[in-house]
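Below: the structure, in structure tokens.
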Amino acid sequence: MTMAAESPKPKALRRLCGSELFSSTRHHMGIYRAVSVSARYSIPSQTKDVEATLTAALGDVVKDQPLMRVGILDEDTNQAAFSHLAEINLRNHMKWVTTSATTPEEYESRIAKIQGDAHEALWPNVATQAPWRIIIVRPTEKQYLDIMFLFHHGLFDGNAGGEFHQHLQKALRAQTPSLADADVDPILCFKEPPELPESLEDAVPFKNTYMFVAKALWEAKAPDFLQPHKTPVWAGKPVDYDHPHITRIKPLDFSPDVLQSLLKGSRENGSTLTCTFHALILASISRRTSAEEAQAFASTTPISLRNYMRKDVNQCLKNKMRGLVTSTSHDHSPTAVSALRQPGATDDLIWQTARRVKADLAKKAETLPVDDVIGLVSLIKDLFAFHASKNNKPRTGAWEISNLGVLKQQDATATDDGEQGWEILRAMFSNGAQVSQAIGFNMISIPGKGLTIGISWQEGIVEDTLITGIGEDLLEFAARWHEEGRFLA
Numbered sequence: 008m009t010m011a012a013e014s015p016k017p018k019a020l021r022r023l024c025g026s027e028l029f030s031s032t033r034h035h036m037g038i039y040r041a042v043s044v045s046a047r048y049s050i051p052s053q054t055k056d057v058e059a060t061l062t063a064a065l066g067d068v069v070k071d072q073p074l075m076r077v078g079i080l081d082e083d084t085n086q087a088a089f090s091h092l093a094e095i096n097l098r099n100h101m102k103w104v105t106t107s108a109t110t111p112e113e114y115e116s117r118i119a120k121i122q123g124d125a126h127e128a129l130w131p132n133v134a135t136q137a138p139w140r141i142i143i144v145r146p147t148e149k150q151y152l153d154i155m156f157l158f159h160h161g162l163f164d165g166n167a168g169g170e171f172h173q174h175l176q177k178a179l180r181a182q183t184p185s186l187a188d189a190d191v192d193p194i195l196c197f198k199e200p201p202e203l204p205e206s207l208e209d210a211v212p213f214k215n216t217y218m219f220v221a222k223a224l225w226e227a228k229a230p231d232f233l234q235p236h237k238t239p240v241w242a243g244k245p246v247d248y249d250h251p252h253i254t255r256i257k258p259l260d261f262s263p264d265v266l267q268s269l270l271k272g273s274r275e276n277g278s279t280l281t282c283t284f285h286a287l288i289l290a291s292i293s294r295r296t297s298a299e300e301a302q303a304f305a306s307t308t309p310i311s312l313r314n315y316m317r318k319d320v321n322q323c324l325k326n327k328m329r330g331l332v333t334s335t336s337h338d339h340s341p342t343a344v345s346a347l348r349q350p351g352a353t354d355d356l357i358w359q360t361a362r363r364v365k366a367d368l369a370k371k372a373e374t375l376p377v378d379d380v381i382g383l384v385s386l387i388k389d390l391f392a393f394h395a396s397k398n399n400k401p402r403t404g405a406w407e408i409s410n411l412g413v414l415k416q417q418d419a420t421a422t423d424d425g426e427q428g429w430e431i432l433r434a435m436f437s438n439g440a441q442v443s444q445a446i447g448f449n450m451i452s453i454p455g456k457g458l459t460i461g462i463s464w465q466e467g468i469v470e471d472t473l474i475t476g477i478g479e480d481l482l483e484f485a486a487r488w489h490e491e492g493r494f495l496a
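For the sequence shown, the working numbering gives the first residue as 8, with consecutive numbering after it.
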């Protein structure tokens with residue numbers, strides 16, 4: 008995949024807002040590089056040329072999504088702006104990989120390795136080349152392929168990554184099966200600059216009270232001896248920008264039946280799937296760490312802001328792929344951790360934790376968009392200095408759960424033999440090595456296909472044995488709940 012510049016003199020469009028600039032500065036510093044959402048597609052048997060069909064479909068998606076047609080000017084400054092790309096060569100954004108994996112387990116490991124490695128690359132020529140790409144992995148002699156959509160977080164959030172696959176599936180199904188390479192021009196020309204969706208801060212009416220702003224400034228500027236005492240939380244090794252940026256990914260797959268059992272159990276116990284997994288992770292990590300090394304934990308949950316947009320946002324652009332996300336944190340006290348470590352711990356503790364996390368999310372949802380930290384980002388004058396100040400400091404939490412929910416599929420007309428063209432069989436969501444939390448648990452499910460959690464972490468920041476153990480616990484907890492109606496043995 009050639010990564011050549013696509014436009015010598017791009018025109019500046021709108022400036023990046025605070026949250027977009029937060030991501031662009033992190034990328035320039037090399038500390039947060041990409042988000043990825045992959046999907047496995049069945050290939051219709053009637054498709055003559057898969058590469059031509061995918062290229063044509065990708066072109067249709069790019070034409071429809073304004074933020075897939077921009078670069079980022081002056082990313083090395085606090086005044087970065089989106090740039091108009093008059094020409095995009097799709098071949099510069101597509102990489103084909105073949106694998107001869109012989110077993111399903113070997114293939115899934117290969118997919119996780121490719122997706123993890125892809126998080127290491129910085130986006131080149133961001134002013135003149137759109138910072139997104141797809142990696143297509145096709146196993147030999149199989150009638151399916153995996154498409155990984157990777158993107159700069161300054162363009163999109165995780166939800167937009169899921170939306171990409173919905174748009175791509177629709178575009179794939181609209182192509183003529185007999186399409187050949189000669190029928191497809193991979194070079195797209197855009198004479199006029201795109202009209203971009205409003206920035207997050209313009210789309211969402213943030214309002215921060217004086218007390219909230221004063222508290223945030225005090226916590227950021229006051230010396231440690233004047234800060235209220237907080238119980239230290241375990242969060243892996245401290246932030247270290249010199250540590251090799253190697254992202255590891257471990258996928259966990261839950262069958263449709265197990266997923267339905269978890270959903271039903273969560274509803275009946277006043278929880279949600281996300282909150283239940285927060286509780287299960289707490290149970291696992293509490294038992295796999297000692298009281299000496301970990302007294303307490305903290306975790307976070309990203310929250311989509313799509314339901315909080317102003318009524319007067321541009322309706323033509325409202326549902327385009329974009330970045331609209333914030334987050335909230337959850338404290339897991341020494342008392343809660345100690346209780347889960349006891350030999351006689353029961354599921355009551357799991358559901359208590361899950362309901363507490365749900366209450367955190369409900370409280371946040373009720374107050375948004377008032378007193379949200381995203382509304383303060385624009386007050387930071389030098390984001391490079393802000394990020395630099397985090398180096399060699401403790402991380403803020405042990406894990407994050409980012410749940411994209413259900414990736415709904417487009418309806419398709421089956422062929423005479425019942426074949427559903429370009430059906431999505433599996434999806435996996437992953438974040439690159441993070442600065443704030445030590446471990447990412449990234450969730451996405453497919454109707455009728457089950458749930459996949461992509462666990463992501465920076466190699467060396469958390470022990471691989473801990474990740475393996477947590478993964479085994481989550482699978483065991485879920486299976487026991489499905490079979491016996493309980494999590495803990």
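For glycine and all other residues, C-beta sits at the position ideal for the given N, C-alpha and C.
Item: Can you have a look at Ala567 and say buried or exposed, based on whether 16 or more other CB atoms are within 10 angstroms of its CB?; Value: This structure cannot speak to residue 567, because the chain is shown only from 8 to 496.
Item: Please state the DSSP three-state secondary structure of Lys370.; Value: helix
Item: Are there 16 or more other CB atoms within 10 angstroms of the CB of Asn399, so buried, or fewer, so exposed?; Value: exposed
Item: Taking DSSP's pairing of strands, which residues face Ala305 in a bridge?; Value: Asp338
Item: Which residue comes first and which comes last in the alpha helix (DSSP H) that contains Tyr151?; Value: Looking at the DSSP string, Tyr151 is not in any alpha helix (DSSP H); the run it does join, the beta strand (DSSP E), is 151 to 158.
Item: Check the Cβ-Cβ distances between Cys196 and every residue of chain B, and say whether any is below 8 angstroms.; Value: Among the chains in the structure shown there is no chain B, since it carries only a single protein chain.
Item: Taking only runs of the alpha helix (DSSP H) that begin and end inside the stretch 196 to 257, which ones reach a length of at least 4 residues, in chain order?; Value: 207 to 210, 217 to 228
Item: Please tell me whether Thr353 and Leu495 are closer than 8 angstroms, where the distance is taken between their beta carbons.; Value: yes
Item: What are the start and end residues of the alpha helix (DSSP H) that includes Met450?; Value: Per DSSP, Met450 belongs to no alpha helix (DSSP H); it is in the beta strand (DSSP E), 444 to 453.
Item: Can you have a look at Ser463 and say buried or exposed, based on whether 16 or more other CB atoms are within 10 angstroms of its CB?; Value: buried
Item: Measure from the alpha carbon of Ser293 to the alpha carbon of each residue in Asn96, Ile477, Leu28, then state which is nearest.; Value: Ile477
Item: Excluding the five sequence neighbours on either side, which residues of its own chain have a C-beta within less than 6 angstroms of the C-beta of Ala41, listed in chain order?; Value: His126, Leu157, Gly439
Item: Within its chain, find whatever has a CB closer than 6 angstroms to the CB of Thr9; leave out the 5 residues flanking it on each side and keep chain order.; Value: Because Thr9 carries a pLDDT of 48, less than 50, the predicted location of this residue cannot be relied on, and the following value inherits that uncertainty. So the qualifying residues of the chain are Asn99.
Item: Going straight from the alpha carbon of Ala538 to that of Leu324, what length do you get?; Value: Outside the modelled stretch of the chain, which goes from 8 to 496, sits residue 538, for which no answer is possible.
Item: Kindly give me the distance between the Cβ atoms of Gly169 and Val44, rounded to whole angstroms, as I take these residues to be in contact under 8 angstroms.; Value: 6 angstroms
Item: If we ignore side chains and look at the alpha-carbon of each, how far apart do Asp367 and His337 end up?; Value: 7 angstroms
Item: When we look at the beta-carbon of Glu300 and count the other beta-carbons within 10 Å, is it buried (16 or more) or exposed?; Value: exposed
Item: Extract the residue ranges of the beta strand (DSSP E) inside the stretch 93 to 127, only unbroken runs of 3 or more that lie entirely within it.; Value: 94 to 96, 101 to 106
Item: Provide the residue span of the beta strand (DSSP E) that contains Lys18, from first to last.; Value: 18 to 22
Item: Glu407 lies in the beta strand (DSSP E); which residues open and close that run?; Value: 404 to 413
Item: To the nearest whole angstrom, what separates the beta carbons of Phe391 and Met36, a pair I think is in contact under 8 angstroms?; Value: 7 angstroms
Item: Measure the beta-carbon distance from Val133 to Glu205 and round it to whole angstroms, keeping in mind my assumption that it falls under 8 angstroms.; Value: Val133 to Glu205, Cβ: 21 angstroms. No contact.
Item: Given this structure, state the Cα-to-Cα distance separating Ile142 from Gly351, to the nearest angstrom.; Value: 48 angstroms
Item: What residue range does the beta strand (DSSP E) around Pro146 cover?; Value: 139 to 146
Item: Taking its Cβ as the centre, do 16 or more other Cβ atoms sit within 10 Å of Cys282, making it buried, or is it exposed?; Value: buried
Item: Classify Ile38 as helix, strand or coil using the three-state DSSP reduction.; Value: coil
Item: Using 10 angstroms around the beta-carbon of Trp225, count the other beta-carbons present and answer buried if the total reaches 16, otherwise exposed.; Value: exposed
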